[in-house]
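Following our numbering, the numbering of the sequence shown begins with 22 at its first residue and continues without gaps.
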Amino acid sequence: MSENPFQRPFRRFINARHEFRDFQMRSLSEIGNICESIDRFKQLENMFSAYVTDNDDNQLQLWFGSRSMFRRLHTGVAATENGPCLLYTLGASGDVAVILYPAKSDLGRVKEDHLYLGLGYFTSYQLMKRLTADIRALTAYGHVTSFDGDPSFREKFVIWWLRQTRDMQQAGDHVKAPVKRFFFATVKATPQTLFGYILAAVLGAVVITMLIKIFSHSGWNSIAALLGNN
22 MSENPFQRPF RRFINARHEF RDFQMRSLSE IGNICESIDR FKQLENMFSA YVTDNDDNQL
82 QLWFGSRSMF RRLHTGVAAT ENGPCLLYTL GASGDVAVIL YPAKSDLGRV KEDHLYLGLG
142 YFTSYQLMKR LTADIRALTA YGHVTSFDGD PSFREKFVIW WLRQTRDMQQ AGDHVKAPVK
202 RFFFATVKAT PQTLFGYILA AVLGAVVITM LIKIFSHSGW NSIAALLGNN
């Protein structure tokens, strides 16, 4: 008797939920050490205070609270800023979304609602492997998107790269990454569609590989790790 096809997606979700809960438990003992190893994280923590929330079986958040901006709005109310957030959330299909939310204030904010660092099926091992790079991205995002932020060149480059290579949400709409839009345009402009797909894939792989090697040899291993994450 053939397998019920409706059971496979459910089994996938059950496996994904098991992997995600294992990641939740393992990550809680590692997040503190990772944050401690990132100098620029401490600066954000001193301003916003940092928290880890895992009271939902399907979510894990590393987030920063709010801070006073020591300014007043035209209404006379004190201006405040909410810090950035790194969210791992397990969906009903078994896919995990890894999302970065920017710092937002009463005085200004960036154009994107959030960035998708990753989306797909991840094992606990895969999520743990990317955890350090994700927290480094959160740190960079905090310094870049804060109204009073003073980001370093590395941090500016990391966020520029993410904005070029990751999907995002803007004004409530899902927006494809500029790199993806470029590759799709390349495919459409190529008479032989199959050749266009191959060309786009090869170009993307070559560029990523070259950048990873360049940053690894330059001592920027954290950026190289970020480029290698899906």
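Here a beta-carbon is modelled for each residue, glycine too, at the ideal position from N, C-alpha and C.
DSSP assignment within the region 64-121 yields the following whole beta strand (DSSP E) runs of 3 residues or more, N-terminal first: 71-74, 80-85, 87-93, 99-103 and 106-111. A straight-line Cα-Cα distance of about 23 Å links PRO123 and ASP116.
Residue HIS135 holds the alpha-carbon nearest to the alpha-carbon of ARG187 among SER126, HIS135, SER89 and ILE35.
In this structure SER145 is in contact with PHE44, their Cβ atoms being roughly 4 Å apart against a cut-off of 8 Å. Counting the other CB atoms within 10 Å of its CB gives SER167 a total of 16 or more, which places it among the buried residues. Burial check for THR96: the Cβ neighbour count within 10 Å stays below 16, so the residue is exposed. The residue among TYR137, HIS195 and TRP182 with its C-alpha nearest the C-alpha of TYR109 is TYR137. Residue pairing of ASP194 in beta bridges, as defined by DSSP: GLN191. Within the same chain, and ignoring the five residues on either side of LYS132 in sequence, the residues whose Cβ sits closer than 7 Å to its Cβ are GLN191. In the DSSP assignment, SER126 is bridged to GLU102.
The region 44-58 and the region 75-82 touch, with three or more beta-carbon pairs separated by less than 8 Å. Only exposed fits THR74, as fewer than 16 other CB atoms lie within 10 angstroms of its CB.
In this structure GLY193 is exposed. Its beta-carbon is surrounded by fewer than 16 other beta-carbon atoms within 10 angstroms. Spanning the alpha carbons of LEU183 and CYS56 requires a straight line of approximately 20 Å. DSSP places TYR146 within a helical segment (H, G or I) once states are collapsed to three.
In this chain, GLY139 is not harboured by any alpha helix (DSSP H); it is covered by the beta strand (DSSP E) spanning 135-141. Here GLY53 is not near GLY104, since their CB atoms are 9 Å or more apart. Cβ neighbours of VAL165 within its own chain (closer than 7 Å, five residues either side excluded): PRO172, GLU176, LYS177 and ILE180.
Cβ neighbours of GLU40 within its own chain (closer than 6 Å, five residues either side excluded): THR144 and SER145.
Residue environment: ALA99 is assigned as exposed (fewer than 16 neighbouring CB atoms within 10 Å of its CB, all protein chains considered). Per DSSP, VAL131 is not a residue of any alpha helix (DSSP H), being assigned neither H nor E.
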